[in-house]
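Trainee:
Residue numbers (my numbering): 114 to 847.
Right under this line is the structure:
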């Protein structure tokens with residue numbers, strides 16, 4: 114009802130005031146639109162990225178179908194399928210049949226309705242299976258427009274998610290207040306509406322307008338607006354070259370985003386459990402995981418790994434190298450920290466201490482405290498006072514006094530370092546593990562040469578499980594895996610990293626050849642010197658091994674690929690450096706470098722444009738470091754254990770790699786290389802049998818033939834003696 118008193122009509126809003134009010138209302142509506150768009154943008158971009166991914170996958174599937182001969186239809190047909198007339202009429206591929214459909218096929222002379230129907234059905238079955246098996250891999254060497262567009266959307270989705278997450282509460286609160294105030298304040302924007310409003314209504318409207326002005330003037334409104342400006346339309350602002358450079362630096366992040374939005378996340382979920390027994394899987398799955406203190410999104414299998422650590426309390430995480438065990442351990446610690454726990458300890462080799470410190474700060478809100486070097490005691494006191502993640506080495510741990518530390522969790526990285534229970538470093542670790550609320554051992558190779566060593570690691574954590582293992586368990590890989598399942602989880606790259614580029618492994622055999630190499634080799638055999646025998650092939654600057662190595666590096670240079678050369682020997686590093694010239698990094702990755710020096714060298718190698726070669730001593734550069742910038746790995750000579758080679762390769766072929774990784778093993782015929790290769794195969798077989806899976810994938814409980822495995826379990830020194838003796842016999846040296 115309108116105003117009735119003359120006093121009420123005598124107080125009109127001034128035109129200038131109405132214009133000012135209208136401006137406030139427009140600003141409020143504009144802010145509301147920006148805040149609403151900010152809140153909606155992550156979902157919009159996720160849906161857009163999913164559509165782009167599926168379009169790219171359909172394109173990949175069509176390409177694969179175009180490469181399949183039409184004869185493949187017979188394999189997918191439910192009965193006999195005659196294809197002769199179709200082939201004679203120009204239907205060469207499965208794609209030709211799928212595109213044609215039954216009507217076009219029936220028009221082909223000699224093709225009846227049943228053949229047309231069955232051929233199309235077979236093509237559809239092949240298409241479905243192919244689609245399930247097809248993963249879109251973003252290839253920085255191809256950079257087609259569809260992949261670039263998908264990459265732009267993924268980056269925009271990441272930005273929008275960060276901005277919306279940071280401002281979500283303020284945006285929702287502001288939109289709610291605006292929705293309440295704007296209908297009341299809107300009449301202030303019109304002189305006529307105010308003329309028709311009573312005194313009380315005018316006062317209410319002006320009060321609402323004032324509250325709108327206050328809302329818009331609040332700093333939080335500016336932050337919401339800035340976030341919306343940053344998030345909305347971000348995909349259109351992406352520069353292709355910068356995008357691909359960012360992808361090569363942060364491929365793991367982009368591929369995690371892909372796994373979140375595509376159907377392949379379900380592959381993660383199926384394989385994330387490491388094929389645990391159902392009752393243990395249910396226990397882990399039902400465990401909550403608080404990720405508020407994490408700064409990185411977890412893959413499905415990584416979340417499961419963190420939950421496993423929390424649910425089992427004292428266990429081994431044996432994921433294959435390159436899957437991100439560090440992040441899984443951080444997620445478990447971050448969960449405990451979110452619940453009030455304050456003190457955590459990481460024990461690791463000195464070579465990866467800096468990496469742990471940096472990854473902790475980068476991926477979580479936990480504060481790292483390196484306890485190493487002359488300030489370790491002062492740093493330890495600071496950690497005890499303030500809390501956080503103490504990071505120390507196996508050797509330093511023996512000199513620290515941590516008896517009073519209320520440890521919520523101890524994480525032991527490269528835990529195979531403590532496989533000998535008699536070693537002082539093992540005893541120091543066991544002491545802190547015993548006093549901690551939880552303990553997590555990390556190792557990609559929990560059992561190297563002896564099943565008993567794996568049992569030792571389990572015994573540190575769950576003695577009751579270790580006690581239940583007996584000799585019969587050690588005879589059967591399946592029984593052994595089931596027995597250790599309460600304490601052990603392992604997932605392999607092929608199970609969970611569907612986007613990981615292919616690993617191409619090549620054996621490059623050469624003749625020992627030159628006089629200098631032959632003389633050096635014979636001298637090594639005569640002296641019983643295994644180390645001299647292994648590096649004799651590099652005794653000359655014109656050796657066949659060195660020539661093959663040069664050829665591989667030249668091929669990589671033509672592709673602008675980065676190369677890592679691993680060897681056990683410093684003098685081989687010097688020989689290779691002299692042979693390769695200026696493309697080689699000025700420093701080699703050796704034990705002489707500090708942990709910080711190693712990380713700085715890898716950073717420099719990563720940032721160098723185009724081709725570069727990094728020389729690395731395999732025991733110094735083969736563990737705990739990330740070298741995804743390289744996609745060519747050269748093993749200058751075979752190593753004594755398969756895990757040594759596997760860890761070196763995994764420095765490059767791991768989450769974050771964007772290219773196919775080419776591994777070249779340079780081997781000399783009629784030399785110790787042949788014997789070592791045979792030994793590596795045998796040792797790899799025993800690891801596959803006992804520890805590659807966390808529980809049985811194959812129903813083979815009767816696999817008890819252990820003759821070749823028992824031979825492979827002998828210690829390394831004995832194996833070396835046998836190899837030298839075999840070479841002496843072959844060469845007629847007694």
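Note that beta-carbon positions come from the ideal geometry of N, C-alpha and C, so glycine has one too.
The model shown is predicted, which means the values in this text are computed figures rather than measured ones.
In or out: residue 779 buried (at least 16 other Cβ within 10 Å) or exposed?
Mentor: A residue is called buried once 16 or more other Cβ atoms fall within 10 Å of its Cβ, and residue 779 is buried on that count.
Trainee: Is the Cβ-Cβ distance between residue 776 and residue 726 less than 8 Å?
Mentor: no
Trainee: By Cβ distance below 7 Å, which residues in the same chain neighbour residue 336 in space, the five residues on each side in sequence not counted?
Mentor: 280 and 283
Trainee: Going by DSSP in three states, residue 406 sits in which element: helix, strand or coil?
Mentor: DSSP places residue 406 in coil when its eight states are reduced to three.
Trainee: Going by CA-CA distance only, name the one from 362, 278, 453 and 783 that's closest to residue 153.
Mentor: 278
Trainee: If you count every other CB in all the chains shown that lies within 10 Å of the CB of residue 488, and 16 or more means buried, which is it?
Mentor: exposed
Trainee: How far does the beta strand (DSSP E) with residue 766 in it extend, from its first residue to its last?
Mentor: Careful: residue 766 lies outside any beta strand (DSSP E) and carries neither H nor E.
Trainee: What's the gap between the Cα of residue 323 and the Cα of residue 306?
Mentor: Each residue's Cα considered, the two are about 18 Å apart.
Trainee: Based on DSSP bridge pairs, tell me the residues matched to residue 779.
Mentor: Under DSSP, the beta-bridge partners assigned to residue 779 are 621.
Trainee: Rounded to a whole number of angstroms, what is the C-alpha to C-alpha distance between residue 651 and residue 685?
Mentor: As the crow flies, the alpha-carbon of residue 651 is around 7 Å from that of residue 685.
Trainee: Would residue 538 pass as a contact of residue 567 if the rule is Cβ separation under 8 Å?
Mentor: no
Trainee: Mark residue 535 as exposed unless 16 or more other C-beta atoms lie within 10 angstroms of its C-beta, in which case mark it buried.
Mentor: exposed
Trainee: Identify the residues that DSSP records as bridge partners of residue 206: which are they?
Mentor: 182
Trainee: In terms of residue numbering, what span does the beta strand (DSSP E) encompassing residue 727 cover?
Mentor: 725-730
Trainee: So the beta strand (DSSP E) residue 675 belongs to, where does it begin and stop?
Mentor: 675-680 is the extent of the beta strand (DSSP E) around residue 675.
Trainee: Taking Cβ positions, are residue 88 and residue 557 nearer each other than 8 Å?
Mentor: The first residue shown for the chain is 114 and the last is 847, placing residue 88 beyond what the model contains.
Trainee: Please say whether residue 733 and residue 746 have beta carbons closer to each other than 8 Å?
Mentor: When the beta-carbon positions are compared, residue 746 and residue 733 stay at least 8 Å from each other.
Trainee: Tell me which same chain residues have a C-beta within less than 7 Å of the C-beta of residue 195, skipping the five on either side of it?
Mentor: 228
Trainee: Contact defined as beta carbons within less than 8 Å: I believe residue 456 pairs with residue 519. What is the distance between those atoms, to the nearest angstrom?
Mentor: 6 Å
Trainee: For residue 617, count neighbouring C-beta atoms within 10 Å of its own C-beta (all shown protein chains included) and say buried if the count is 16 or more, exposed if not.
Mentor: exposed
Trainee: Mark residue 688 as exposed unless 16 or more other C-beta atoms lie within 10 angstroms of its C-beta, in which case mark it buried.
Mentor: buried
Trainee: Going by the beta-carbon positions, is the gap between residue 328 and residue 274 smaller than 8 Å?
Mentor: Between residue 328 and residue 274, the C-beta gap is not smaller than 8 Å, which leaves the two residues out of contact.
Trainee: Just to confirm my understanding: we take residue 409, look at its own chain, exclude 5 residues before and 5 after, and list those with CB closer than 7 Å. What are they?
Mentor: Result list for residue 409: 440 and 476, in chain order.
Trainee: Helix, strand or coil for residue 458, going by three-state DSSP, please let me know.
Mentor: strand
Trainee: For residue 857, count neighbouring Cβ atoms within 10 angstroms of its own Cβ and tell me buried if that reaches 16, exposed if not.
Mentor: Here the chain covers residues 114 to 847 and nothing more, so residue 857 does not appear.
Trainee: Could you give the first and the last residue of the continuous alpha helix (DSSP H) run that contains residue 398?
Mentor: DSSP places residue 398 inside the alpha helix (DSSP H), whose first and last residues are 391-398.
Trainee: So, is residue 128 buried or exposed, given that buried needs 16 or more other C-beta atoms within 10 angstroms?
Mentor: Note that residue 128 scores a pLDDT of 41, beneath 50, so its modelled location is shaky and nothing firm can be said.
Trainee: Taking only the alpha-carbon atoms, compute the straight-line gap between residue 209 and residue 192 and give it to the nearest angstrom.
Mentor: Straight-line Cα distance between these residues: approximately 20 Å.
Trainee: Is the separation between the beta-carbon of residue 773 and that of residue 744 shorter than 8 Å?
Mentor: yes
Trainee: Would you report the Cα separation of residue 629 and residue 577, rounded to the nearest angstrom?
Mentor: 57 Å
Trainee: Give me the Cα-Cα distance between residue 606 and residue 433, rounded to the nearest whole angstrom.
Mentor: When rounded, the separation of the alpha-carbon atoms in residue 606 and residue 433 is 6 Å.
Trainee: Whose C-beta lies closer than 6 Å to the C-beta of residue 858 among residues of the same chain, with five residues either side of it excluded?
Mentor: Past the edges of the chain, shown from 114 to 847, lies residue 858, and the structure says nothing about it.
Trainee: According to DSSP, is residue 486 part of a helix, a strand, or is it coil?
Mentor: coil
Trainee: Which of helix, strand or coil does DSSP assign to residue 522?
Mentor: strand
Trainee: Would you mind working out which of 151, 256, 136 and 232 sits nearest residue 183, comparing C-alpha positions?
Mentor: 232
Trainee: Pull the bridge partners of residue 427 from the DSSP assignment, please.
Mentor: 552
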